[in-house]
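One structure is given here, and the rest of the page talks about it.
Numbering (the numbering used here), first residue to last: 604 to 893.
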């Protein structure tokens, strides 16, 4: 596949940018996804906003600022259902998600150096959740995994993204967290046994992914292009279509087109959308965090 025949979502609040092998939507994925055709993408690769980590300055309706994990899952679950609808039977869904600790840490505003506690730009503070002791991890990744299963996805494997020692600010009373979960799902087929539409074991030989985090101006947690390309080469057939409904600065769409696939990205935040377009146009170099 070398070009898109998917419909552009016609909405005055959204705009698009397209080239031969990429289509980027500026809009809310909850609005854009229903306009995409069923069974039209080969792979979904995404990293949604983590719960109570960053305020993207999009107002009270933005994902990730919900009062409780239950509210977060209630907002994310319809997206998981739409992603299932647009994915081809046997297609892959890889979802990267990090956990949140039960503490009073500030929710930092988007932008700035991810290693610095930029308290002048914090928007609010996290509130302790009932049922958890202070400083306890809440278990958001497991909750999201079960929400995806409830939406109809077949959970196939857990991958571990090892980010290296630059990934976490040191803590005095626990080891630094240098990994995150990447869950691998399949869309079930009509047959008795679901088989992956495509898997390349040479690209992803084990469940451990080694890739340093990267930095881009104005985004605290961009998805590395190198990791996106590795996963696309492992789980999307040549010439297939990769969808990222939370595209950020475009690391995943860029990794997909670098791997010779087609890409669809959806991004709600205007500055992020502009950065994604620029990255996919000229291939801006990434800065590897050290």
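Ideal Cβ positions, reconstructed from N, Cα and C, are used throughout, including at glycine.
DSSP lists no bridge partner for residue 669.
As far as DSSP is concerned, residue 743 takes part in no beta bridge.
Residue environment: residue 698 is assigned as buried (16 or more neighbouring CB atoms within 10 Å of its CB, all protein chains considered). Residue 752 and residue 776 have their C-alpha atoms spaced approximately 34 Å apart.
In this structure, the straight-line span from the alpha carbon of residue 736 to that of residue 878 is close to 39 Å. DSSP places residue 807 outside both helix and strand once states are collapsed to three, so it counts as coil. Per the coordinates, the alpha-carbon of residue 659 lies some 42 Å from the alpha-carbon of residue 794. Contact between residue 732 and residue 671 holds: CB atoms are separated by about 7 Å, below the 8 Å threshold. Secondary structure of residue 657 (DSSP, three-state): strand.
Burial check for residue 858: the Cβ neighbour count within 10 Å reaches 16 or more, so the residue is buried.
Sixteen is the threshold: when 16 or more other Cβ atoms of the shown chains lie within 10 Å of the Cβ of residue 833, as they do, the residue is buried.
Taken atom to atom, the span from the alpha-carbon of residue 642 to that of residue 778 is near 43 Å.
Non-local C-beta neighbours of residue 704 in its own chain, meaning closer than 8 Å and more than five positions away in sequence, comprise 738, 739, 740, 741, ordered along the chain. In the same chain as residue 686, and ignoring 5 residues on each side of it, the C-beta atoms closer than 6 Å to its own belong to 647, in chain order.
With fewer than 16 other CB atoms across the displayed protein chains lying within 10 angstroms of its CB, residue 673 is exposed.
The C-alpha of residue 663 lies about 37 Å from the C-alpha of residue 862. Scanning 883, 847, 854 for the CA closest to the CA of residue 682 turns up 847. Listed in chain order, the non-local C-beta contacts of residue 694 below 8 Å within the same chain comprise 644, 645, 646, 647, 789, 790, 800, local neighbours out to five positions each way being set aside. In its chain, beyond the 5 residues on either side, 760, 761, 762, 763 have a beta carbon closer than 7 Å to the beta carbon of residue 810.
A straight line joining the alpha-carbon of residue 706 with that of residue 623 spans about 46 Å.
With contacts defined by Cβ atoms closer than 8 Å, residue 868 and residue 855 form a contacting pair.
Between residue 845 and residue 620 the beta-carbon gap is near 16 Å, outside 8 Å, which marks them as no contact.
In the DSSP assignment, residue 802 falls outside any beta strand (DSSP E) and carries neither an H nor an E.
The Cβ neighbour count for residue 677, taken over all protein chains shown within 10 Å, is under 16; the residue is labelled exposed.
Taking residue 864 as reference, the option from 871, 633, 835 with the minimal CA-CA separation is 835.
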